[in-house]
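So for the sequence shown, the working numbering puts the first residue at 6; every next one is plus one. Yeah, the Cβ is synthetic: ideal placement off N, Cα and C, and Gly gets one too. Down below is the structure, laid out as structure tokens.
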Amino acid sequence: MTNSKKRIFSGVQPTGNLHLGNYLGAIRAWVDMQHQYESLFCIVDLHAITVAQDPAKLRTAIRETTAAYIACGIDPVKNIIFPQSAVAEHSELAWILSCNTPIGWLNRMTQFKDKAGKDREKAPLGLYSYPVLMAADILLYKTTHVPVGEDQKQHIELARDIAGAFNRNFNAEYFPLPEPVIRAEAARIMSLRDGTKKMSKSDESDYSRINLTDDVTTIALKFRKAKSDMIDGMDFDESRPESKNLLGIYVALKGISKEQALHECGELNFSAFKNLITEVAVEHLSPITQKMRELLAEPDYLDKILQDGSNRAKEIATKTMSDVKNLVGFLQV
Ligand code: TYM
Numbered sequence: 006m007t008n009s010k011k012r013i014f015s016g017v018q019p020t021g022n023l024h025l026g027n028y029l030g031a032i033r034a035w036v037d038m039q040h041q042y043e044s045l046f047c048i049v050d051l052h053a054i055t056v057a058q059d060p061a062k063l064r065t066a067i068r069e070t071t072a073a074y075i076a077c078g079i080d081p082v083k084n085i086i087f088p089q090s091a092v093a094e095h096s097e098l099a100w101i102l103s104c105n106t107p108i109g110w111l112n113r114m115t116q117f118k119d120k121a122g123k124d125r126e127k128a129p130l131g132l133y134s135y136p137v138l139m140a141a142d143i144l145l146y147k148t149t150h151v152p153v154g155e156d157q158k159q160h161i162e163l164a165r166d167i168a169g170a171f172n173r174n175f176n177a178e179y180f181p182l183p184e185p186v187i188r189a190e191a192a193r194i195m196s197l198r199d200g201t202k203k204m205s206k207s208d209e210s211d212y213s214r215i216n217l218t219d220d221v222t223t224i225a226l227k228f229r230k231a232k233s234d235m236i237d238g239m240d241f242d243e244s245r246p247e248s249k250n251l252l253g254i255y256v257a258l259k260g261i262s263k264e265q266a267l268h269e270c271g272e273l274n275f276s277a278f279k280n281l282i283t284e285v286a287v288e289h290l291s292p293i294t295q296k297m298r299e300l301l302a303e304p305d306y307l308d309k310i311l312q313d314g315s316n317r318a319k320e321i322a323t324k325t326m327s328d329v330k331n332l333v334g335f336l337q338v
């Protein structure tokens, strides 16, 4: 049964193809949770522009991400699906929260350190303050639960700290402290080319990831070319990151236990296992890819979903901003 006090917010950046990591680490949990929680699923385009984007590609990617959410099983009628930039209150709240966030907290964020690279002085301010915008996304809807992959955990902990700071500074128990929801079995899906590196949209090699738009031949080729080792059998041993990762993907796709996976595949060599996981992945992903194609042929339908979602999100956002302005001491003339 829906409990109106429990609310989910989560999002994906529209910066290219969604991959198996986004799907297994985040979207699959959304699909499972959408019926127990009031849910907002955002296409976080404001976050996307913290790295330079081609405007035409960004527009396409926003529709593709929307299509992916629906194709993966998110119900656009029950839930709110919308682009972040359509609700200006995200940016507005981010500013107010940034005035309540010590710089020292942002300096601890590991993602900024990774993304900014060596020449940190040249990194855009938006990349640095990105986690404050993320806190605003979450708090604007007084979100209680945030389903994400493990790489976002630190950002959600920061959102909790920022919520606490705001509540303290204005002497109000206003924002709930959001809980991260991270699924153990798919918390961190690794690159197919290097089992110690996260599967990521920004990896130069497309062979490092399975995209939700990949066809059967491409999926088979990517698994065939995936890095392997020379040891017999498949296991979850830390010393065999590629075996551990592929078996983990198998567990997550099939929804079985690790023990069951070892029972089914422990004796297989890498190449036999690659054939098996290709079959499982294709069976699981083909309907999603097909549905995405159908949806992308109907951009007007997708835009209507986004417009409807934006209107519904805005209703909640306006109310929060009015409360926040009141607490801060702004005149609402
Ligand atoms: P983004 O776009 O990098 O990733 C979207 C979601 O996919 C998860 N994910 C993974 N999970 C497991 N293994 C992987 N290899 C993997 N790669 C990505 C991410 O953890 C994430 O859940 N800052 C966020 C987007 C965001 C957001 C928010 C999320 C903006 N505002 C508010 C939650 C709440 C991001 O860049 O995700």
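Counting along the chain, where does the beta strand (DSSP E) carrying residue 150 start and finish?
As a first step, residue 150 must be located in the sequence shown, where it is residue number 145. Residues 150-152.
Please go through the same chain and pick out, in chain order, the residues whose beta-carbon is closer than 7 Å to the beta-carbon of residue 285, but skip the five residues on each side of it.
For this step, residue 285 is matched to residue 280 along the sequence shown. Correct list, in chain order: 255, 258, 259.
Identified DSSP bridge partners for residue 85
Translated into the one-based positions of the sequence shown, residue 85 becomes position 80. Per DSSP, 45.
Return the bridge partner residues of residue 38 from the DSSP annotation.
Working through the sequence shown from its first residue, we reach residue 38 at position 33. Per DSSP, none; premise fails for residue 38.
If we ignore side chains and look at the alpha-carbon of each, how far apart do residue 7 and residue 231 end up?
The residue labelled residue 7 in the question sits at position 2 within the sequence shown. The residue labelled residue 231 in the question sits at position 226 within the sequence shown. A caution first: residue 7 carries a pLDDT of 43, below 50, which makes its placement in the model unreliable, though a value can still be read off. Between residue 7 and residue 231, the C-alpha separation is close to 42 Å.
Whose C-alpha, out of 269, 104, 291, 293, is nearest the C-alpha of residue 174?
Looking up residue 174 in the sequence shown gives position 169. Among 269, 104, 291, 293, the Cα nearest to that of residue 174 belongs to 104.
Please classify residue 216: does DSSP put it in a helix, a strand, or coil?
The residue labelled residue 216 in the question sits at position 211 within the sequence shown. Correct three-state label for residue 216: strand.
Leaving out the 5 sequence neighbours to the left and right, which residues in its chain are closer than 6 Å to residue 144 when beta-carbon positions are compared?
Counted from its first residue, the sequence shown places residue 144 at position 139. Excluding positions up to five away in sequence, the list reads 168, 180.
Beta-carbon within less than 6 Å of residue 81's beta-carbon, same chain only, minus the 5 sequence neighbours each way: which residues are those?
In the sequence shown, residue 81 corresponds to position 76, counting from 1. Here the set comprises 75, 310.
Check for me: the alpha helix (DSSP H) holding residue 14 runs from which residue to which?
For the purposes of this step, residue 14 is taken as the residue at position 9 of the sequence shown. It is not in any alpha helix (DSSP H) - residue 14 instead sits in the beta strand (DSSP E) that spans 12-17.
Taking just the CA atoms, how far does residue 282 sit from residue 247?
Residue mapping note: residue 247 aligns to position 242 of the sequence shown, counting from 1. Residue mapping note: residue 282 aligns to position 277 of the sequence shown, counting from 1. Taking the straight line from one Cα to the other gives about 13 Å.
For residue 326, three-class secondary structure by DSSP
Here residue 326 corresponds to residue number 321 of the sequence shown, with the count starting at 1. Correct three-state label for residue 326: helix.
Residues near residue 39 by beta carbon distance below 7 Å, same chain, minus five either side
Mapped onto the sequence shown, residue 39 falls at position 34. Cβ neighbours of residue 39 beyond the five flanking positions: 79, 80, 83, 84.
Inter-stretch contact at 8 Å, needing at least 3 Cβ pairs: the region 203-222 / the region 11-30
yes
Closer than 8 Å, CB to CB, is residue 338 near chain D or not?
Reference to chain D is not applicable here, since this structure consists of a single protein chain.
For the beta strand (DSSP E) containing residue 184, list its first residue and its last residue.
As a working note, residue 184 is residue 179 in the sequence shown. Residue 184 -> beta strand (DSSP E) spans 184-186.
Any idea what DSSP makes of residue 204, helix, strand or coil?
Taking the first residue of the sequence shown as position 1, residue 204 is located at position 199. In this structure, residue 204 counts as coil in the three-state DSSP scheme.
Can you have a look at residue 220 and say buried or exposed, based on whether 16 or more other CB atoms are within 10 angstroms of its CB?
Stepping through the sequence shown from its first residue, residue 220 is reached at position 215. It counts as exposed.
Suppose you measure from the CA of residue 313 to the CA of residue 327; what does that come to, to the nearest Å?
Position 308 of the sequence shown, counted from the start, is the residue given in the question as residue 313. Position 322 of the sequence shown, counted from the start, is the residue given in the question as residue 327. Cα to Cα, the separation comes out at about 22 Å.
Residue from 54, 55, 86 whose Cα sits closest to the Cα of residue 36
What you label residue 36 is simply residue 31 of the sequence shown in a count that begins at 1. For residue 36, the nearest C-alpha among the options comes from 86.
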